[in-house]
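Residue numbers (my numbering), protein chains in the order written: chain A, 1 to 226; chain R, 1001 to 1226.
Glycine included, each C-beta is placed from N, C-alpha and C at the ideal position.
Source: prediction; values computed, not measured.
First comes the structure, then the notes that go with it.
There are 2 protein chains.
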Amino acid sequence: MEGKAKQILIADDEADILEIVGYNLSKEGYEIYTAKDGNEALEKAKQLNPDLIILDIMMPKKTGVEVCQILRSQPAFQDTLIIFLTALSDESSHIKGLETGADDYVSKPISPKVLNSRVNALFRRVSNKETGKTITVGNILIDPVKFLVTINGDEIILAKKEFELLYLLASRPGRVFLRNEILSQVWGNDVIVGDRTIDVHIRKVRQKLGVDCITTVKGVGYKFEL
Amino acid sequence: MEGKAKQILIADDEADILEIVGYNLSKEGYEIYTAKDGNEALEKAKQLNPDLIILDIMMPKKTGVEVCQILRSQPAFQDTLIIFLTALSDESSHIKGLETGADDYVSKPISPKVLNSRVNALFRRVSNKETGKTITVGNILIDPVKFLVTINGDEIILAKKEFELLYLLASRPGRVFLRNEILSQVWGNDVIVGDRTIDVHIRKVRQKLGVDCITTVKGVGYKFEL
DNA sequence: CTTCCATGTTAACATTATGTTTACACAAAG
DNA sequence: CTTTGTGTAAACATAATGTTAACATGGAAG
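And the structure:
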């Protein structure tokens, strides 16, 4: 189903973190490489050209932000995914991280579960755009290539966000998506929007589809099911 | 599905690059030949008449630019695809490269992924013109050989860019083409044009066709459908 | 060599579609 | 019957595209 294993380079000066994170991600089927300071990270990045680079902000030799900047300045790493690991309180580096061109950030202390889901989400996000697989659930058909939703052959036109929202929910029918997850997947981790925004879009989708296939799970989120 | 394997000649004085690039492109199904300086590149080019030549700018004996100029002056190599490899900073040679008649350039350090996609894109771009298949959708007929569009037998004359634009969209009815894709396919990856340029051409095509067959997908791109 | 014309491109502005917030209604849970 | 979370409509803000006209440019015709 998947192509070859995605390669992930993890850079952190704490050996414990390298081990825990590496172990958990490798269980997800990724191929893990590690570096223990900024310079080593740069070196291995150029050597491997990994699919994703996880950078600790605080590192000897070069900080994660510096590494990121250097990498981003090179065409070869323009599209490489980068996630920052940051201390919870350190809000400024978070900002700087996103400005520098990171794709996501995860704050310490790190929960393997959280990191795993972020990593998966990131890959899913880019792979959807690349592969753009058509989703079929019952009589509903969602085609990201044609940017089209069909119910019993009737075409329904959704706006971009509406489409992305539906596509996300329908990608895993039955699974509940937390409001947080929806936000980061459809809106991105950087933008900040109010709570009602999701509702409104949910409503619009429900309205346009005319079929009751999005269920509210109060206090949790939404799920797609027929 | 494809014809016979495309032949690619790679010229660079660094053995590492020849090896890496050659290996990766051969995995894509291309037939690889190498040269380690300008003279050898010329020699093998004339001997093989490859489909694509990848030239390092900095080479002993003759630079890539010189090789390109010599080749382009000969009718046999008028249509041969040429890609330059260039050092990141070396902006001037980039300019010169495109002036000399290169089809694309890729800056070092080289990411195999990037190079592969550029190469594939280039072949995709020309393959349409070569095969030049007439597209028929409903009562619309698009003939790239005669450079002619017909609706219900009425001939419509489009300018070059207009035609290429329509041809691209119509080549996959229903599929949404991102603005990026349109740019790289119709304009090429090198030229830089404003956003409005696409719109204007879309408009001209719509106007001349008189039929509403190009749909806007806001925030995404355009698609062709009746 | 100049002029003219077709094409391509840009800039500026108009016109949407789309996204977001606000404010309030409503329902369920405690 | 208060609190909490969600639904809804409408107002608002924003971004994306449509449109026109003016400005290059290159090649053909004179």
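Under a 10 Å Cβ-count criterion, residue 207 of chain A is classified as exposed, with fewer than 16 other Cβ atoms of the shown protein chains found around its own Cβ. For residue 22 of chain A, no beta strand (DSSP E) run applies; the uninterrupted alpha helix (DSSP H) run containing it begins and ends at 15-27, by DSSP. The beta-bridge partner set that DSSP reports for residue 1223 of chain R consists of R/1176, R/1215.
Within chain R, the residues placing a beta-carbon under 9 Å from that of residue 145 of chain A are 1172, 1174, 1175, 1176, ordered along the chain.
When Cβ-Cβ separations below 8 Å define contact, residue 35 of chain A makes no contact with chain R. Within the same chain, no Cβ atom closer than 7 Å to the Cβ of residue 188 of chain A is found once the five residues on either side in sequence are excluded. Residue 151 of chain A and residue 140 of chain A have their C-alpha atoms roughly 5 Å apart. The criterion of a C-beta distance shorter than 8 Å is not satisfied by residue 29 of chain A and residue 59 of chain A. In this structure, the CA atom of residue 1204 of chain R is about 55 Å from the CA atom of residue 22 of chain A.
Per DSSP, the unbroken alpha helix (DSSP H) holding residue 1045 of chain R starts and ends at 1038-1048.
By the C-beta density criterion, residue 1192 of chain R is exposed, having fewer than 16 other C-beta atoms within 10 angstroms. According to DSSP, residue 107 of chain A shares a beta bridge with A/86.
Under the Cβ criterion (8 Å, minimum of three pairs), the stretch 1169-1184 of chain R counts as touching the stretch 1210-1224 of chain R. Close partners of residue 160 of chain A in chain R (Cβ separation under 9 Å): 1217, 1218, 1219, 1220. In this structure, the beta-carbon distance from residue 16 of chain A to residue 56 of chain A does not fall below 8 Å. The residue from A/123, A/169, A/190 with its alpha-carbon nearest to that of residue 217 of chain A is A/169. Using a Cβ-Cβ cut-off of 8 Å, residue 1027 of chain R is close to nothing in chain A; its nearest Cβ partner there is about 11 Å away. One thing to note: residue 1041 of chain R has its Cβ within 8 Å of the Cβ of residue 1009 of chain R.
Residue state for residue 1192 of chain R is assigned as coil, using DSSP reduced to three classes.
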